[in-house]
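Enquirer: Okay, handing you the structure first.
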Amino acid sequence: MAGNNSKKAPVLTIDGPSGAGKGTLSQLMASRLQWHFLDSGALYRLTALSAHNHGIDLDAAEDVATLAEHLDIYFDVNRGRVLLEGDDVTQVLRTEETGASASRVAAHTEVRKALLERQRAFRTAPGLVADGRDMGTVVFPDADLKIFLTASANERAKRRLAQLQESGSDADFESILADVQSRDERDRNRAESPLLPADDAETIDSTHLTIEEVLDAIQEKARARGLL
Ligand code: C5P
4 MAGNNSKKAP VLTIDGPSGA GKGTLSQLMA SRLQWHFLDS GALYRLTALS AHNHGIDLDA
64 AEDVATLAEH LDIYFDVNRG RVLLEGDDVT QVLRTEETGA SASRVAAHTE VRKALLERQR
124 AFRTAPGLVA DGRDMGTVVF PDADLKIFLT ASANERAKRR LAQLQESGSD ADFESILADV
184 QSRDERDRNR AESPLLPADD AETIDSTHLT IEEVLDAIQE KARARGLL
């Protein structure tokens, strides 16, 4: 239970807007540290998918929260798959459409509350790298190191476009930029857990940095805190 004095496993949180490179960096950091990894965005995406599958309106906060609480999911780490109610949803989970729906369900206080304990349960030895929007502010306020990763909206849209093109989807820059901006707007301005750096977070702007440079910067900060 929270509140006891037993030593908790260490946590490194990486928060920031979509497309700043959090996903890739968090996974690389987790494997460097040999720690567990929490992709909290996937939980909101899975909630949105589940609502869609069950014909539940994304704006029906209570109903979506009930779904979130009882999500039947499985992260098959070895095979890089995610299962929702036994179905492989790995591909559909990452689409722009699912991301936009996730951002809608994530705006409900009830849904965020329903997912809170599920996220905290990922904190087990030897440690956890948690990727999201409110990891350092709400979910793990006592994290050992909090990173807030940003990049300009233009750069983030460029990276997303390259990713989509690589996977063979066609997309145009202007619509991706518009999507990035509207998602930022919604994530920053929602009443519940808005996207903001924690007071004690270290901000890294990745606009002009490579993945390796950001990774090294985070590793340096982790080392300075005795996490490595
Ligand atoms: O990180 P990802 O793009 O997968 O997240 C999808 C959406 O879920 C985000 O746009 C955001 O609205 C929401 N989210 C959130 N809090 C988190 C992680 C994701 O509100 N910790």
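In case it helps, this note's numbering puts the sequence shown at residues 4 to 231. Note that beta-carbon positions come from the ideal geometry of N, C-alpha and C, so glycine has one too. Only a predicted model underlies this, so the values are computations on that prediction, with no experimental measurement involved.
(1) Tell me the start and end of each unbroken alpha helix (DSSP H) in the segment 170-195 that is at least 4 residues and wholly inside, in chain order.
(2) What's the gap between the Cα of LEU232 and the Cα of GLN122?
(3) Under 8 Å Cβ to Cβ from LEU74, same chain only, skipping five residues before and after it: list those, please.
(4) Who are ALA133's beta bridge partners in DSSP?
(5) Regarding VAL142 and the ligand C5P, is the C-beta to nearest heavy atom distance less than 8 Å?
(6) What is the C-beta distance between LEU152 and GLY26, in whole angstroms, given that I count them as a contact (C-beta under 8 Å)?
(7) Alpha carbon to alpha carbon, how far is VAL114 from THR1? Give it in angstroms, no decimals.
(8) Have a look at SER185, GLY89, PRO200 and ASP175 and flag the residue whose alpha-carbon is nearest the alpha-carbon of VAL142.
(9) Less than 8 Å between the CB of ARG123 and some heavy atom of the ligand C5P, yes or no?
(10) Buried or exposed, going by whether 16 or more other CB atoms sit within 10 Å of the CB of SER209?
(11) What is the DSSP secondary structure of GLU205, counted as helix, strand or coil?
(12) Considering Cα atoms alone, identify which of LEU131, LYS161, GLY135 and PHE125 is closest to HIS211.
(13) In angstroms, rounded to a whole number, what distance separates the CA positions of GLU100 and LEU180?
(14) According to DSSP, PHE143 sits in a beta bridge with which residue or residues?
(15) How would you write the range of the alpha helix (DSSP H) that ILE214 sits in, first residue to last?
(16) If I measure Cβ to Cβ from ALA174 and keep anything under 7 Å in the same chain, skipping five residues before and after, which residues do I get?
(17) Using DSSP with H/G/I as helix, E/B as strand and the rest coil, what is VAL67?
(18) Report the option in ARG35, SER34, SER43 and LEU36 whose CA atom is closest to the CA atom of SER21.
(19) Taking 8 Å as the cut-off, does the CB of LYS116 come closer than this to any heavy atom belonging to the ligand C5P?
(20) Just how far apart, CA to CA, sit LEU148 and VAL14?
(21) I believe ALA117 touches GLU72 by the beta-carbon criterion, under 8 Å. Please report the beta-carbon distance rounded to the nearest angstrom.
(22) Does any heavy atom of the ligand C5P sit closer than 8 Å to the C-beta of GLY83?
(23) Taking only the alpha-carbon atoms, compute the straight-line gap between MET32 and GLU65 and give it to the nearest angstrom.
Expert: Put simply:
(1) 176-192
(2) The structure shown does not extend to residue 232, since the chain is modelled only from 4 through 231, so no value can be given for it.
(3) Numbered from 1 along the sequence shown, position 71 holds the residue referred to as residue 74. Contacts found: LEU46, LEU49, THR50, SER53, LEU87 and ARG121.
(4) Here residue 133 corresponds to residue number 130 of the sequence shown, with the count starting at 1. According to DSSP, which records beta bridges pairwise, ALA133 is partnered with THR16 and LEU41.
(5) Taking the sequence shown and counting its residues from 1, the one referred to as residue 142 is at position 139. Yes - the ligand C5P has a heavy atom lying nearer than 8 Å to the Cβ of VAL142.
(6) Translated into the one-based positions of the sequence shown, residue 152 becomes position 149. Translated into the one-based positions of the sequence shown, residue 26 becomes position 23. In fact, because the Cβ distance is near 10 Å, the residues do not count as touching under 8 Å.
(7) Here the chain covers residues 4 to 231 and nothing more, so residue 1 does not appear.
(8) Start at 1 with the first residue of the sequence shown, and residue 142 comes out as number 139. It is PRO200.
(9) Within the sequence shown, residue 123 is the residue found at index 120, counting from 1. ARG123 Cβ: outside cutoff for every heavy atom of the ligand C5P.
(10) The count along the sequence shown starts at 1 and reaches residue 209 at position 206. Answer is buried; the Cβ neighbour count reaches 16.
(11) Residue 205 sits at position 202 when you count from the first residue of the sequence shown. Residue state, collapsed to three classes: strand.
(12) Here residue 211 corresponds to residue number 208 of the sequence shown, with the count starting at 1. Taking only the C-alpha atoms, the option nearest HIS211 is LYS161.
(13) In the sequence shown, the residue the question calls residue 100 occupies position 97. In the sequence shown, the residue the question calls residue 180 occupies position 177. About 14 Å.
(14) Looking up residue 143 in the sequence shown gives position 140. None, per the DSSP bridge assignment.
(15) Sequence index remark: in the sequence shown, residue 214 carries index 211 (1-based). Counting along the chain, the alpha helix (DSSP H) containing ILE214 begins and ends at 214-227.
(16) The residue labelled residue 174 in the question sits at position 171 within the sequence shown. If we look at ALA174 and ignore the five residues flanking it on each side, its Cβ neighbours are LEU164 and LEU167.
(17) Taking the first residue of the sequence shown as 1, we reach residue 67 at position 64. Residue state, collapsed to three classes: helix.
(18) If you number the sequence shown from 1, residue 21 lands on position 18. Of the listed residues, the one whose Cα sits closest to SER21 is SER43.
(19) Mapped onto the sequence shown, residue 116 falls at position 113. No, the Cβ of LYS116 stays beyond 8 Å of every heavy atom of the ligand C5P.
(20) Within the sequence shown, the letter at position 145 stands for residue 148. Within the sequence shown, the letter at position 11 stands for residue 14. Cα to Cα, the separation comes out at about 7 Å.
(21) By one-based count along the sequence shown, residue 117 stands at place 114. By one-based count along the sequence shown, residue 72 stands at place 69. At roughly 4 Å, the Cβ-Cβ gap stays under 8 Å, so ALA117 and GLU72 are in contact.
(22) By 1-based counting over the sequence shown, the position of residue 83 is 80. Flag unset: Cβ of GLY83 not near the ligand C5P.
(23) Translated into the one-based positions of the sequence shown, residue 32 becomes position 29. Translated into the one-based positions of the sequence shown, residue 65 becomes position 62. So the alpha carbons of these two residues sit roughly 36 Å apart.
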